[in-house]
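Please read the structure below before turning to the comments.
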């Protein structure tokens with residue numbers, strides 16, 4: 698209390714070490730999208746929605762890169778890794794987007810993974826009812842997490858809790874998933890109690906956000922699948938493969 | 022018909038620095 702330096706459980710420090718270099722990810726995805734658009738003929742340019750899909754696809758690549766180089770996950774066999782990622786890819790995308798807005802903290806604008814800002818009202822004016830509903834659910838979650846003062850240490854813990862889901866069946870190494878869940882929950886509780894002693898229910902409130910992230914991500918998948926059936930989503934990419942994986 | 026190779030599997034099996 699009284700300005701003591703923040704204390705991080707050792708495991709939280711280890712999780713932070715797995716975080717990607719944000720500016721590098723930003724530059725990589727922005728460059729990719731610019732090249733992708735420039736390489737297309739005048740009449741094949743991607744529209745806004747198509748660019749957003751490509752951006753989500755590239756963000757998925759960076760999420761897979763983060764996972765496979767992360768503590769615990771890198772110990773798993775590929776089949777287990779695939780099952781875990783196929784289960785939670787849309788939640789990790791949702792959590793990534795929501796956390797970026799929590800940190801961005803600029804009412805009325807959305808910060809993209811490329812570092813660009815988009816006017817929220819502009820998107821809302823172009824989007825249909827379903828996408829608007831989805832965006833407003835995400836923004837409600839952003840507000841809740843902002844008032845909870847979610848920080849990066851807690852964010853990385855939530856990412857691992859989402860990745861190592863106990864809902865995934867037929868894993869060869871389910872024991873590791875259980876152990877990671879236990880360790881991360883303990884580390885998160887320890888961190889929150891030490892660094893936010895005045896927010897006695899913060900740990901519980903953070904965990905209560907996980908089903909909300911799941912609900913938003915499933916709504917996003919439904920929307921994306923509907924748009925895919927309409928032929929509005931660029932195909933032959935990781936995003937489409939993951940979308941189909943759960944339906945297979 | 023051979024199944025389309027999984028992009029996710031390729032990514033997970035790729036060498037670390039690729």
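Residue numbers (my numbering), protein chains in the order written: chain A, 698 to 945; chain B, 22 to 39.
Think of the CB as a built atom: it goes at the ideal place given N, C-alpha and C, for glycine as much as any other residue.
- Under the Cβ criterion of 9 Å, residue 935(A) is counted among the residues facing chain B.
- Taking C-beta atoms under 8 Å as the contact rule, residue 832(A) and residue 820(A) qualify, at a distance of about 7 Å.
- Non-local beta-carbon contacts of residue 763(A) in its own chain, meaning distances under 6 Å to residues more than five positions away in sequence, involve 717 in chain order.
- With 16 or more other Cβ atoms from the protein chains shown falling within 10 Å of its own Cβ, residue 850(A) counts as buried.
- Here DSSP, grouped into helix, strand and coil, assigns residue 799(A) to helix.
- Residues of the stretch 761 to 786 of chain A with a C-beta less than 8 Å from any C-beta of chain B: 761, 762, 765, 766, 775, 778, 779, 782, 783, listed in chain order.
- For residue 758(A), a Cβ of chain B is located within less than 9 Å of the residue's own Cβ.
- Classified as buried, residue 835(A) has 16 or more neighbouring CB atoms from the shown chains inside 10 Å of its CB.
- From the listed residues 944(A), 911(A), 769(A), the smallest Cα separation to residue 873(A) is found for 769(A).
- The alpha-carbon of residue 929(A) is positioned some 11 Å away from that of residue 745(A).
- At a C-beta separation below 8 Å, residue 939(A) has these neighbours in chain B: 29.
- In the DSSP annotation of this structure, the continuous segment of the alpha helix (DSSP H) that includes residue 761(A) starts and ends at 745 to 765.
- 786(A) is the residue among 786(A), 866(A), 803(A), 899(A) whose C-alpha sits nearest the C-alpha of residue 856(A).
- The stretch 787 to 795 of chain A and the stretch 912 to 922 of chain A touch, with three or more beta-carbon pairs separated by less than 8 Å.
- Sequence-distant partners of residue 756(A) (beyond 5 residues in either direction) whose C-beta falls short of 7 Å from its own C-beta, in its chain, are 726, 790, 793, 810.
- 719(A) is the residue among 865(A), 729(A), 719(A), 891(A) whose C-alpha sits nearest the C-alpha of residue 800(A).
- Residue range 814 to 816 is occupied by the beta strand (DSSP E) that includes residue 815(A), with no alpha helix (DSSP H) assigned at that position.
- In the structure shown, residue 806(A) falls within a strand segment according to DSSP collapsed to helix, strand and coil.
- Interface flag for residue 912(A) against chain B is unset, since no Cβ pair is found closer than 9 Å.
- About 32 Å separates the beta carbons of residue 824(A) and residue 854(A), which is beyond the 8 Å limit, so they are not a contact pair.
- Looking only at 848(A), 904(A), 816(A), 869(A), the smallest Cα-Cα distance to residue 859(A) is reached by 904(A).
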